[in-house]
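Residue numbers (full-length UniProt numbering): 1 to 105.
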């Protein structure tokens, strides 16, 4: 678990992986999709995810410069896990709502 959290830990990495999903996306598009993260932190997190082998960064020799990001096979394997976490959260929230409305008192 320690190694896993070292790779995926932090506030933004799972959201970045989810934001990229099964497509190729440019930095600006990803930044617009995640307005609460600063561009500096997004760039740092993308670099760490690339170093971990979860995303692929492809730079094109164009003017203006263009960089696309996509998930590697290992990154794609995380998508169903993240989906399961979303489902788990929804079920926990539903259970908490039911428990609070059905409690006597």
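We put the beta carbon where it would ideally sit given N, CA and C, even for glycine.
Buried versus exposed, by CB contacts within 10 Å (16 or more), residue i
i          : result
residue 75 : buried
residue 81 : exposed
residue 12 : buried
residue 45 : buried
residue 36 : exposed
residue 78 : buried
residue 54 : buried
Length of the line joining the Cα atoms of residue i and residue j
i          : j          : result
residue 3  : residue 30 : 26 angstroms
residue 50 : residue 95 : 37 angstroms
residue 72 : residue 19 : 14 angstroms
residue 27 : residue 91 : 33 angstroms
residue 63 : residue 89 : 43 angstroms
Three-state class that DSSP yields for residue i in the structure shown
i          : result
residue 38 : coil
residue 62 : coil
residue 76 : helix
residue 85 : helix
residue 23 : coil
residue 54 : coil
Integer-rounded CB distance, given that residue j should sit under 8 angstroms from residue i
i          : j         : result
residue 43 : residue 7 : Residue 43 to residue 7, Cβ: 18 angstroms. No contact.
residue 15 : residue 1 : The Cβ separation is near 20 angstroms, so there is no contact.
Closest residue to residue i among the options (Cα-Cα distance)
i          : options        : result
residue 22 : 90, 87, 70, 89 : 70
residue 25 : 67, 61, 63     : 67
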